Each structure stands twice: as structure tokens, then as C-alpha cells.
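J.: For reference, the structure I am asking about is given below.
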Amino acid sequence: MLNDDQIGLLLQSARAVQSRAVAPYSQYKVGAALMAATGRIYTGMNIENATYSAVHAENLALYVALMTGETEFLGLVVVTNDANMPYPCGSCRQELSHHCKPDFGIIGANLTQRREQKTLGELLPDLFGADNLKT
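So the mapping is simple: this note's numbering equals the position in the sequence shown, first residue as 1, plus 324.
Right, dumping it as C-alpha cells:
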């Protein structure tokens, strides 16, 4: 799990990148910050387009980290300007499960700065992964 200093850095990074989110249709701007085991922080924001497909903030942060060679991750912070607690969608949870352990910490922070921490295993119980494909 992440310590308070790490959470603070991730919150600051996620809020900073959230301002660059491209959400002209939903107005739902999301920022995400992922900490690798090396201590490096990778950020992402959501990007919408006219076809209603979108790049999700969590996956963007993960893909940039993977692209640079990171393979182990400590935790993720997701922020929005909504009153509800933001957590990754089902698709993002599934993607994270291929690269992170079930005890991987995910922290949601809403517009009131309230935050909650859950594990990937709590958010995605009984996940489908590579082990399911082995015969």
C-alpha cells in the first residue's frame, strides 16, 4: 500500500494532469497518476472524440509506464470534479489486473477532496486473467 507522502505526490500529479483532459462531450474530466515500484510517477487524462470512443486516464498512465519499461506498480490515484467517488471502469480494472497484483492500491478522490482507498482485488474480484487461458 502507498504511504501518505506517496499519496500526496500522486494526488498532486493527478490533479495537475486532470486540467489537460479533453472531455468536450461529457465534461467529465479525469486525471490519473500511477506510481511504479521505481518511484516514478506516470500520469494520464481522459481524451474523448466525436466517435464517442475515448482514452481513459488510468489506461493512458499505465501504457506510458509500460512503454518506458516499467513492470511493477505500487498504486494509482484517480481524480474527478464529481461528487461521486471515482474508481476505474470495468475495462480499466481488467487492464490493470494484467499488470498489477490484487493488493495494488487504488485511491479515488472527488471534488470535495474526500478520498477512499481500495485494492484492485476488492474492485475486481474473481478476475479473468492469463491463468484462465492455460490448458
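Just so it is clear, CB atoms sit at the ideal spot from N, CA and C, and this is done for glycine as well. Here the structure is a predicted model, which is why all the values come from computation and not from measurement.
#1: By Cβ distance, which residues of its chain are closer than 8 Å to A468, with the 5 residues on each side in sequence left out?
#2: What do you get for Q351, buried or exposed, if any count of 16 or more other CB atoms within 10 angstroms of its CB means buried?
#3: Are the segment 439-448 and the segment 380-394 in contact at 8 Å, needing three or more beta carbon pairs?
#4: Can you give the Cα-Cα distance for N456 and Y349, rounded to whole angstroms?
#5: How about G368 and L384: are their beta carbons less than 9 Å apart?
#6: Taking L390 as the reference, give the member of A374, T404, N327 and C424 with the closest Cα.
#7: For C416, which of R364, T375 and A356 has the nearest alpha-carbon?
#8: Spatial neighbours of I371 within its chain, please: CB distance less than 6 Å, with the 5 preceding and 5 following residues excluded, ordered by chain position.
#9: What three-state label does DSSP hand Y387 in the structure shown?
T.: Reading off the structure:
#1: There is no way to answer for residue 468, as the model of the chain reaches only from 325 to 459.
#2: exposed
#3: no
#4: 37 Å
#5: Closer than 9 Å, so yes.
#6: The shortest Cα separation from L390 among A374, T404, N327 and C424 belongs to C424.
#7: Out of R364, T375 and A356, A356 has the C-alpha closest to the C-alpha of C416.
#8: V346 and V379
#9: helix
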